[in-house]
Amino acid sequence: MDRKRWRKTMLDNLEIDQIERIAELSDECRQIRDTILNKTYQSDVDEEPNARGERNPSSFDSLEVVEAADDSGKYQRLRGMIADLSEDARIELRAVMWIGRGDFAAGDWGKAMAQADGAANLTVIDTIAEKADLHDYLMKGLYKLGLR
């Protein structure tokens, strides 16, 4: 199958502009999260400082913190946009995200889709929406797939 035809058959249930809108809203949520984090000091988090070179993952690594602190409702809109997609479209979105994250190569679209299909349930909405780097993953995924 030539590359041009292959690109057309990849996204059967999801439009590129839908992915870009989700990515843009995710970036806005990440900016809100960063503003919240800039106002939070280590003592406010009530955690011991990490030793040099160590890192403690926390809820601040995701966009969950935005949900509780954002009055604009952007995180809920992001979550709603993903929830409004059909299950097949969410599978494609997750596959694009994984390719952008580097879990799969662009040529492994079928494998990414198969794994995303195995994980297609309601928790997928939160799993996708809470990624702080969702914007980057989606935009890189589109680029790697030759769709942007």
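So the sequence shown is numbered by full-length UniProt numbering: it starts at 1 and just counts up by one.
Note that CB positions come from ideal geometry on N, CA and C, so glycine has one too.
For this session: For the alpha helix (DSSP H) holding residue 136, just list the boundary residues, first then last.
Result: Looking up residue 136 in the sequence shown gives position 136. Where residue 136 is concerned, the enclosing alpha helix (DSSP H) stretches over 134-144.
For this session: Tell me where the alpha helix (DSSP H) around residue 88 begins and ends.
Result: Taking the first residue of the sequence shown as 1, we reach residue 88 at position 88. Residue range 87-101 is occupied by the alpha helix (DSSP H) that includes residue 88.
Exercise. Alpha carbon to alpha carbon, how far is residue 43 from residue 36?
Worked result: As a working mapping, residue 43 is identified with position 43 in the sequence shown. As a working mapping, residue 36 is identified with position 36 in the sequence shown. In this predicted model, residue 43 has a pLDDT of only 46, less than 50, meaning its place in the structure is not dependable enough to derive any value.
Exercise. Among the residues of its own chain, which have a CB less than 8 Å from the CB of residue 162, if the five just before and after it don't count?
Worked result: Shown here, the chain extends from 1 to 148; a query on residue 162 therefore has no answer.
For this session: Below 8 Å CB to CB, which residues in the same chain sit around residue 22 once its five sequence neighbours on both sides are set aside?
Result: In the sequence shown, the residue the question calls residue 22 occupies position 22. Within the same chain, Cβ atoms closer than 8 Å to the Cβ of residue 22 are found at 78, 81, 82, 93, 134, 138, the five residues on either side in sequence being excluded.
For this session: Following the continuous alpha helix (DSSP H) through residue 118, name the residue where it begins and the one where it ends.
Result: For the purposes of this step, residue 118 is taken as residue 118 along the sequence shown, with counting starting at 1. Taken as a continuous stretch (DSSP letters only), the alpha helix (DSSP H) holding residue 118 covers 109-118.
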